[in-house]
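Numbering-wise, full-length UniProt numbering puts 355 at position 355 of the sequence shown, and it's gapless, one number per residue.
Using N, Cα and C, we set each Cβ at its ideal position, and we do this for glycine too.
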Amino acid sequence: MKMEEAEEDNIEDIEEGKDLTSSDVEDTVIGYISWLAQTEDNKMIKLAGLTLVQEFLKKDCSDGRLKVKLLQNGVLDGLINAFDMGAHDIGDLVFLDVAMKCLFHFSKLSISPLQPMISDNILRRLLLLMDTSQNFFQFSYTMKQTCKEFCEEKHLIGKVKSVKMNADRWEHVHKMSKNSLLGRKDLPDSIHFCSLYDTDEEEQDVCEILIERGLAWPASEDVKHSDTTDEDADEESFEDIVVTRFVNGPVFWARIGIDAIQNAHDIQAFLRSEYLENKLTSCKAKKDNSVVVRRMMEDSIHFYRARVTVVDHMTAKVWLMDYGYEVTVGQESLFSLPDDVSFDVYPPQIVLCCLKGIQDPPLCCDSVRTAVVILNNLCHKSMPADTEVEFRSDVSHELRPNKTISKVSAAIVSEHVCGMLNTGKGGVIYFGISTDGFVQGIPLTRDEKD
């Protein structure tokens with residue numbers, strides 16, 4: 001409040017034409033801009049203030065005087081608030097982007113004025129941008145639409161490995177699919193990890209397409225193998241695959257193998273024949289009943305085996321058992337399921353699958369790269385060489401100086417900065433090792449961490 005009153009007094013002095021030094025004017029303008037950047041009442045005003053801060057920082061190329069004045073006016077609190085807004089809401093990513101650019105400019109200060117940034121508040125947030133277990137890393141809607149375009153209802157081939165589900169794997173699947181399968185009954189007890197190739201024209205690897213377009217990241221070695229090197233896993237083999245529905249992210253339903261593909265075709269043909277011969281019997285919708293659903297699709301009639309999930313007065317929601325998605329239909333489109341194609345004779349012809357070799361990318365790659373550079377600048381100026389700092393990947397995300405080490409071989413330093421965070425299990429960061437000025441991390445095994 002005192003700061004606001006002081007700025008108002010100075011602005012009044014300027015308006016009244018009082019003699020003020022250029023330093024007074026500069027202090028007033030910086031104070032007002034800092035106040036705008038810290039406001040929480042109006043997002044647009046806050047964004048305008050942050051943008052002005054960024055422009056001032058760009059112009060301050062020599063002695064860092066403007067940077068120091070901005071820090072003294074408390075602008076760091078506004079940047080932390082903007083960081084949190086953007087990191088937790090995809091609709092506010094612009095706040096994260098501006099905050100990171102401002103923090104980058106501040107990180108170029110010399111060690112003494114830089115001290116406010118060398119804090120748990122800043123370092124913990126920068127590290128969070130590299131922790132792939134956080135919600136900042138997720139697959140986008142564009143990724144799902146791209147997968148639908150390249151894969152759905154196409155005859156593909158791919159390497160397939162079936163793995164039994166457990167609580168950890170379900171947690172991983174729910175995160176990747178944005179909880180799209182939560183609450184579904186009769187979920188399978190296994191999942192099939194697949195690569196997908198379209199061989200119609202030239203061989204296209206779906207995962208490579210997603211990575212090239214920035215819609216996915218290549219999976220780290222831990223992510224690649226954590227779900228497939230299991231004593232409960234089947235041997236990997238090439239199979240024919242028809243993707244029936246992408247759920248979200250890399251999770252999808254598909255028919256795997258020639259038998260499943262042919263069975264689905266035969267069931268469809270049988271139901272069409274029964275309908276044309278007036279052998280299908282209309283039925284009333286009853287929750288959990290198995291039925292046949294008639295749907296008009298692209299000027300032709302299609303028939304589906306389904307299970308009723310919700311009954312309304314005139315309509316019903318049904319789960320298409322051989323396709324893996326839910327639709328709403330009129331009750332006049334429901335028929336009794338013939339015994340010849342019952343689920344006892346033909347179990348559902350789809351299995352739950354997940355693309356392998358990719359992991360969810362950050363919502364903003366530029367912010368992650370900027371975080372790495374800021375960490376480099378901060379640590380280069382503040383951490384003595386050979387200092388080891390532990391990062392705990394729990395709710396606290398605690399940073400704790402651990403001990404001093406010496407003579408760490410550069411050959412074993414991880415290629416990727418803070419690479420150990422990709423596992424979501426924490427790890428150790430070593431500062432001041434590299435000769436080229438980059439902060440680098442060494443991923444440790446569980447035994448080494450203990």
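query                                                                                                                                                                   : result
Helix, strand or coil for Asp198 per DSSP?                                                                                                                              : strand
With DSSP collapsed to three states, give me the class of Gly257.                                                                                                       : coil
From this set, Lys356, Thr328 and Asn179, which residue's C-alpha is nearest Lys159's C-alpha?                                                                          : Lys356
Kindly identify the DSSP beta-bridge partner or partners of Glu203.                                                                                                     : Answer is none; Glu203 lacks a bridge partner.
Can you say whether Cys365 is buried or exposed, counting buried as having 16 or more other CB atoms within 10 angstroms of its CB?                                     : exposed
Just the C-alpha distance for Asn42 and Gly49, rounded to the nearest angstrom, thanks.                                                                                 : 11 Å
I want to know whether the segment 345–352 touches the segment 198–216 - three or more CB-CB distances under 8 Å.                                                       : no
Check each candidate in Ile122, Arg65, Pro250 and Met85 and name the one with the smallest Cα separation from Thr39.                                                    : Met85
Mind checking Arg184: buried by the 16 CB within 10 Å criterion, or exposed?                                                                                            : exposed
What does DSSP give as the partner residue(s) for Asp344 in the beta ladder?                                                                                            : Answer is none; Asp344 lacks a bridge partner.
Exposed or buried, which one is Glu239 when buried takes at least 16 other CB atoms within 10 Å?                                                                        : buried
CA-CA distance, Val291 and Ile157?                                                                                                                                      : 31 Å
Please state whether the Cβ-Cβ distance between Val293 and Tyr304 is less than 8 Å.                                                                                     : yes
Assuming Pro113 and Gly78 form a contact by the criterion Cβ under 8 Å, report the distance between their Cβ atoms to the nearest whole angstrom.                       : Not quite, the Cβ-Cβ distance comes to about 18 Å (not below 8 Å), so this is no contact.
Hey, how far is the Cα of Trp170 from the Cα of Lys144?                                                                                                                 : 19 Å
What number of angstroms, rounded off, separates the C-alpha of Leu363 from the C-alpha of Phe139?                                                                      : 8 Å
Contact between the segment 53–60 and the segment 99–107 is defined here as three or more beta-carbon pairs at a separation below 8 Å; is this criterion met?           : yes
Go through the UniProt domain "Tudor" (236–357) residue by residue and report every complete run of the alpha helix (DSSP H) that reaches 4 residues or more, in order. : 258–276
Who pairs with Leu156 in a beta bridge, going by DSSP?                                                                                                                  : Ile241
Output yes or no for whether 8 Å exceeds the beta carbon distance between Asp327 and Thr315.                                                                            : Position check: residue 327 holds Val in this sequence, whereas Asp was assumed. Not in contact: Val327 and Thr315 (Cβ atoms no closer than 8 Å).
To which residues of the same chain is residue 451 closer than 6 Å at the C-beta, ignoring the five residues directly before and after it?                              : With the chain running from 1 to 450 in the structure shown, residue 451 is simply not present.
Once DSSP output is grouped into helix, strand and coil, what is the label at Pro361?                                                                                   : coil
If the criterion is Cβ atoms closer than 8 Å, does the pair Ala254 and Val243 meet it?                                                                                  : yes
Between Asp186, Ser190, His155 and Glu208, which has its C-alpha nearest Asp198's C-alpha?                                                                              : His155
Which term fits Asp259, buried or exposed, when burial requires 16 or more other beta carbons within 10 angstroms of its beta carbon?                                   : exposed
With 16 other CB atoms within 10 Å as the buried threshold, where does Asp299 fall?                                                                                     : exposed
Go ahead and label Asn278 buried or exposed: buried means 16 or more other beta carbons lie within 10 angstroms of its beta carbon, across all protein chains shown.    : exposed
So, are the CB atoms of Arg125 and Phe95 less than 8 Å apart?                                                                                                           : no
Quick check: the Cα distance between Ser282 and Arg245, rounded to an integer number of angstroms?                                                                      : 28 Å
Starting from the Cα of Gln331, find the closest Cα among Arg295, Asn73 and Asp92 and give me that residue.                                                             : Arg295
Where Asn166 and Cys354 are concerned, what is the direct C-alpha to C-alpha distance, given to the nearest angstrom?                                                   : 15 Å
If we ignore side chains and look at the alpha-carbon of each, how far apart do Cys379 and Ile118 end up?                                                               : 8 Å
For a test of the three-state rule: what should DSSP assign to Ile118, helix, strand or coil?                                                                           : coil
Determine the direct distance from the alpha carbon of Lys178 to that of Glu152, and round the result to whole angstroms.                                               : 19 Å
What are the boundary residues of the alpha helix (DSSP H) that Ile111 is part of?                                                                                      : No alpha helix (DSSP H) contains Ile111, which DSSP labels as neither H nor E.
What does the Cβ neighbour count give for Met297, buried or exposed, with the cut at 16 atoms within 10 Å?                                                              : exposed
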